[in-house]
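Going left to right, the sequence shown walks through residues 137 to 399 as my numbering numbers them.
All C-beta atoms in this analysis are idealised placements derived from N, C-alpha and C, irrespective of residue type, glycine included.
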Amino acid sequence: MDTDKTETKAVKRPVVKRVLMVVAMLLTAFHLLASFLWIAPSSTAREVIPGNLLSEYMIPLWGQSWSVFAPEPINGDYYFDVRAVVKTPDGGEEVTDWVRATDVELDHSTYKLFPPRSAGLGVGVASDIKGSWEDLPNDQKAIVKLDYFKGSDSVDRLTSKLGEYDDPDNAVTGYLKSEHLATAYATQVAKAIWGEDVQRVQYQAARQNVVPFAQRNNGDAKRPKIQPVPVGWRALVTEPHQSDEEFAKYFCASDKVRCAGEQ
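Okay, structure coming up:
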């Protein structure tokens, strides 16, 4: 009887190993396919993986950018500046100086062997809202320059105003999502630097291209002008389950900024 049990186990082990090996091979094949589709130029080939499965699988763990290489290498810098209105001890209000959040974030990765992925957060936010803003018609671009921060319906009023003008490409919806993200990020940055007395925020995302390749050997060549995204003052945005304390601990670890507890 013992011999039979031993023989039965000996037969099952190779089957289990083979199954595990097949599963591992399938997972590896899927990962390689997903990585190829993700880093390759956008095309209908991505439809092989249905729905949002590709982006949900690749982001945030496996996402990577090969745009540092040809044919479309990275050729510019993104900036994200933040300032705020803070309440003063005498009950008044004071406008702070601008702080370049992207410089603070990138300081976490400069000369670091294992830089945190979060060091590119500000650049990502700036790039996102810059692209969404570029898609807006001129009438809507003029609207977002205005201040919308009073009352709990400030976002609704902005949305309603933007909807009064033609939007043939339906760009407003995408822009509002980008602005919501940018405002939430600016709120965390402002609270990390100036504390809980922050009343409202203003931010400016911008892009500046590098010296064109054709002028690389010209010692007098200068970088093109900054391309700003003018946005007015906005009410604070706080997302559920976020931790202002943890963000401040991370953000303020940089030597590029002096935060509320250090001033």
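Task: DSSP-derived helix/strand/coil call for V365 - done: strand
TODO: Pair every Cβ in the segment 366 to 374 with every Cβ in the segment 274 to 289, then say whether three or more of these pairs are closer than 8 Å.
DONE: yes
Open item on the list: If contact is defined by three or more beta carbon pairs under 8 Å, each pair taking one atom from either stretch, is the segment 345 to 357 in contact with the segment 261 to 269?
Closed with: no
Open item on the list: Which residues does DSSP list as the beta-bridge partners of V218?
Closed with: V235 and Y339
Task: Minimum C-alpha distance to A328 - residue among A220, I362 and Y215 - done: A220
TODO: State the DSSP-derived secondary structure class of K277, mapped to helix, strand or coil.
DONE: helix
Task: Distance, T238 Cα to Y215 Cα - done: 6 Å
Task: Cβ neighbour criterion (16 or more within 10 Å) applied to K385 - done: K385 is exposed by the Cβ-count criterion.
Open item on the list: Rounded to the nearest angstrom, what separates I195 and A371 at their Cα positions?
Closed with: 29 Å
TODO: State the start and end residues of the unbroken alpha helix (DSSP H) segment that holds F387.
DONE: D380 to F387
Task: Distance, G228 Cα to W174 Cα - done: 51 Å
- [ ] Report yes if the CB atom of V259 is closer than 9 Å to the CB atom of A326, and no otherwise.
- [x] no
- [ ] Would you identify the three-state DSSP class for Y247, choosing helix, strand or coil?
- [x] coil
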